[in-house]
Structure formats: C-alpha cells, structure tokens
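Under our numbering, residues 34 to 189 are what the sequence shown spells out, in order.
These notes are about the structure you will find just below.
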Amino acid sequence: MADSDPTGGLWNWAAQSSLSGDRVHGALAGALERTVVPLGPDPVDGAVLCDVYRVGGDFPTLIDVYLAPENIAESTAASAVAVRLEIEIMLPDDTLDPTRYVLAAPDGSLRPVHVDEVETDDGPERRRARPCTAAGTACGGSRYKPVDDPGRPAAA
C-alpha cells in the first residue's frame, strides 16, 4: 500500500505499457540500488525478487516485487521506476476504496486516480483511469488528495 511509511515485503504494481521482465528488473534495480532477479529456483542472497507478467487492459504489465526493502517507501520506488521507464505505474493507495489507486507519472509526480477493474483468468485488468475528484468521494482521508476541479491536472 502506498503510504508515508516504508512498507516491507510485497508490492503490486501495474504499468501502462507492455514491458519485458529484463527492462523492469533493470529499472527497479537502478531505483532501489539493489540486485533484482526474477522469481526462480535459484534465489540470490539479499536480492529483491520481481515477477513481471501480462494481462489485458490499459495497464497490461503487472509487476510483483517480493522482499521489497523496508527502508524505501513503495510510492517513492514506484515513482523512480516510472521515471526510469518513462511510463505511468499504478499502485494501491492508502484508502479502503477498491477502485482507487495512486498513479506514478513519468515526471515523478504521484496522484490519486480511480480505475475500472475486472478480474480475469490472467489477472486483474485495469481500464479507464481517471483523476480522483473531491466532489462526491470518500477519498478525503488519504495523504494523496483528490483534485478539486476535474478539469485541472492533479497535483503531486
């Protein structure tokens, strides 16, 4: 979950482009300054494990990060990877709203969005990301503030 406290363990992201595992591993390794390896039978001591797979939707590459470092906030890592890959990355936010996520943009900014999600045999497909607006939502309790005016770009 994206929050101000670093989270250890597991991060689940979705990228807006079809990406190879090698490209994701390289960007993640650079952002974390750690060795990143794919899931496999021969783990590397101290390495971050990363599984990359494809689904449909507007964010077709799913990225699961295992043994994520506890000294780096998930949102910081996702933002750094988005900048390195020059794409948008979606990660869970800090509310209990199942349609709300944080979008890490290629410029490093973070903003709340809502998305339509459908569970498929291959994994969750996410479509139609749109800014979270203050009007009529229960999103005010998040550190990622909704946009007051849907016509105005969200602030990071």
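Ideal Cβ positions, reconstructed from N, Cα and C, are used throughout, including at glycine.
In this text, all values refer to a predicted model and were calculated from it rather than measured experimentally.
- By the Cβ criterion, the region 69-86 is not in contact with the region 105-116, since fewer than three pairs of Cβ atoms, one from each stretch, lie closer than 8 Å.
- The C-alpha of residue 135 lies about 31 Å from the C-alpha of residue 78.
- Under the 8 Å Cβ criterion, the region 91-99 counts as touching the region 43-51, having at least three qualifying pairs.
- Cα atoms of residue 146 and residue 124: separation of roughly 10 Å, rounded to the nearest angstrom.
- Here the alpha carbons of residue 83 and residue 138 stand approximately 21 Å from one another.
- In this structure, the beta-carbon distance from residue 43 to residue 85 does not fall below 8 Å.
- For residue 68, no alpha helix (DSSP H) segment is defined, and its DSSP state is neither H nor E.
- The C-alpha of residue 118 lies about 12 Å from the C-alpha of residue 62.
- Cβ-Cβ separation between residue 141 and residue 116: approximately 5 Å, consistent with a contact (criterion under 8 Å).
- Here residue 132 carries a coil assignment [DSSP, helix/strand/coil].
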